[in-house]
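Enquirer:
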Amino acid sequence: MWRAWALVLLACAAGLKAQPLDREAAFAASQAVLGRAAPEITLLDREGRPLTLARFRGRPLLVSFVYTGCFQACPIGTRALHDAVEKINLALGPEQYSVVSIGFNQPADSPQAMKAFAAQHRVGNRNWDFLSAPADQVEPLTRAFGFSHRSTPAGIDHIAQVTLVDANGRIVHQIYGERPTAEDVAEPVRRLLRAEPLPPRAPWSDLVDRLRLLCTVYDPETGTYRVSYALALEVAGGLTFAFAMAWFFLAEWRGRRRAGRR
467 MWRAWALVLL ACAAGLKAQP LDREAAFAAS QAVLGRAAPE ITLLDREGRP LTLARFRGRP
527 LLVSFVYTGC FQACPIGTRA LHDAVEKINL ALGPEQYSVV SIGFNQPADS PQAMKAFAAQ
587 HRVGNRNWDF LSAPADQVEP LTRAFGFSHR STPAGIDHIA QVTLVDANGR IVHQIYGERP
647 TAEDVAEPVR RLLRAEPLPP RAPWSDLVDR LRLLCTVYDP ETGTYRVSYA LALEVAGGLT
707 FAFAMAWFFL AEWRGRRRAG RR
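First residue of the sequence shown? That's 467 in our numbering, and the numbers climb one at a time after it.
Structure representation (C-alpha cells):
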C-alpha cells in the first residue's frame, strides 16, 4: 500500500517537473516553520492603520495569504475558509479565535484593494481582518509562515495553505488545500482552546498532504492551478490492475501445478 502511494506521488511529481514552483520544496518549507514564533512585522489594516500580529496574542489565529488579482485559487480558498469560519463561529463563538488574510502582491494588494476583496467575497466576520504587507516585508513575512510563492508570466504560483498560530504566537499547524472544510479548521482550533495537544502527523496524512500539493494542473492561458486527482487515480488504477493480473496468473500457475501432480 505504501509503495503504491509512493508511486502515485512520484508520478505526480514527474508530471510537474516543468512547473514554476517546486511543490516538494514548498511542502518542506511549510513544515519547517512549525514550532517557530510568528514574526512581529507591522502590517496595514483595511483603513491603512498599522497593526502587528502580536495584537492577536491570547487566542488562536488562522493566517491565509491571498493576492487580490487572483481569479481562482484565492477566491475559492477565501470562500471555503469563510464557510468554515461561519460554522466554527456558531459552534465556538467568534471571540474564541481570530482570522487574518494577508495580501502579499505589492503594490497591488493595498489596504484599499484588501478592503474591496473582502467586500467582494462578502466577508464581514468581526473576528476576521484583511491586512496588507509592506512591499519590503513580503519575503520575510511569507518565509516565516512557510508560504511559498513565485511570480510567473501568467500570474503567481503559490501553495494553498492556512496557518494556525497558537495563543502564544507560535506556528503549530498547517492546513492544506484550496477548499479547507470546517472540520479541517475547527479540530485543531478546538484542541488549542481545550489546551489539548494537536494530533501527531501520521505518515499517511503526510502522503495525503503531499498529494494535494503535488497533483495540480496548470493552465498557462489563464495562469491558474487546480487540484486534480486524475493522474493519481490513473496510476492507482494501473497498480490495482497490475496487482489483479499478477494474482490471476499466480492462481492459474498454482492450479496447473496442482493438476500436474495428480
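The C-beta atom is built at its ideal place from N, Cα and C for all residues, glycine as well.
Taking its Cβ as the centre, do 16 or more other Cβ atoms sit within 10 Å of Arg512, making it buried, or is it exposed?
Expert: What you label residue 512 is simply residue 46 of the sequence shown in a count that begins at 1. The residue is buried, with at least 16 neighbouring Cβ atoms inside 10 Å.
Enquirer: With burial defined as no fewer than 16 other Cβ atoms inside 10 Å of the residue's Cβ, what is the status of Ala539: buried or exposed?
Expert: For the purposes of this step, residue 539 is identified with residue 73 of the sequence shown, where counting begins at 1. It counts as buried.
Enquirer: Given this structure, state the Cα-to-Cα distance separating Ile641 from Thr629, to the nearest angstrom.
Expert: Position 175 of the sequence shown, counting from 1, holds the residue named residue 641. Position 163 of the sequence shown, counting from 1, holds the residue named residue 629. Using only the alpha carbons, I get a separation of about 6 Å.
Enquirer: Are the CB atoms of Ser567 and Ser530 nearer to each other than 8 Å?
Expert: Taking the sequence shown and counting its residues from 1, one reaches residue 567 at position 101. Taking the sequence shown and counting its residues from 1, one reaches residue 530 at position 64. Yes, they are a contact pair.
Enquirer: Quick one: using the 10 Å Cβ neighbour count with 16 as the cut-off for buried, is Asp602 buried or exposed?
Expert: Here residue 602 refers to the residue found at position 136 when the sequence shown is read from its first residue. Asp602 comes out exposed.
Enquirer: Mark Leu509 as exposed unless 16 or more other C-beta atoms lie within 10 angstroms of its C-beta, in which case mark it buried.
Expert: Within the sequence shown, the letter at position 43 stands for residue 509. Per the 10 Å Cβ criterion, buried.
Enquirer: Near Thr608, what residues of its chain come up, given a Cβ to Cβ distance below 7 Å and the 5 sequence neighbours on each side ignored?
Expert: As a position in the sequence shown, residue 608 is number 142, starting the count at 1. Within the same chain, Thr608 has close Cβ partners Phe531, Phe570 and His615.
Enquirer: Please go through the segment 486-562 and give each complete beta strand (DSSP E) segment of 3 or more residues, from N-terminal end onward.
Expert: As far as the segment 486-562 is concerned, its whole beta strand (DSSP E) runs of at least 3 residues are 508-510, 516-518 and 527-532.
Enquirer: Tell me which same chain residues have a C-beta within less than 6 Å of the C-beta of Tyr731, skipping the five on either side of it?
Expert: Coverage of the chain is limited to positions 467 through 728, which leaves residue 731 absent and any answer about it impossible.
Enquirer: How should Arg489 be labelled, buried or exposed, when 16 other C-beta atoms within 10 angstroms of its C-beta is the threshold for buried?
Expert: The sequence position of residue 489 within the sequence shown is 23, counting from 1. Buried, because 16 or more other Cβ atoms sit within 10 Å of the Cβ of Arg489.
Enquirer: Which runs of the alpha helix (DSSP H), 4 residues or longer, sit entirely within the segment 603-676?
Expert: Segments of the alpha helix (DSSP H) lying fully in the segment 603-676: 604-610 and 648-659.
Enquirer: In this structure, does DSSP put Phe596 in helix, strand or coil?
Expert: Residue numbering aside, residue 596 sits at position 130 when the sequence shown is read from its first letter. Residue state, collapsed to three classes: strand.
Enquirer: If we ignore side chains and look at the alpha-carbon of each, how far apart do Ile554 and Gln572 end up?
Expert: Counted from its first residue, the sequence shown places residue 554 at position 88. Counted from its first residue, the sequence shown places residue 572 at position 106. About 31 Å.
Enquirer: Roughly how many angstroms lie between the CA atoms of Ala491 and Thr544, to the nearest whole one?
Expert: Within the sequence shown, residue 491 is the residue found at index 25, counting from 1. Within the sequence shown, residue 544 is the residue found at index 78, counting from 1. Rounded to whole angstroms, Ala491 to Thr544 spans 24 Å at the Cα level.
Enquirer: In this structure, does DSSP put Leu697 in helix, strand or coil?
Expert: As a position in the sequence shown, residue 697 is number 231, starting the count at 1. Only weak support is given to the placement of Leu697: the predicted model assigns it a pLDDT of 41, under 50, and the value that follows is read from those uncertain coordinates. Helix at Leu697.
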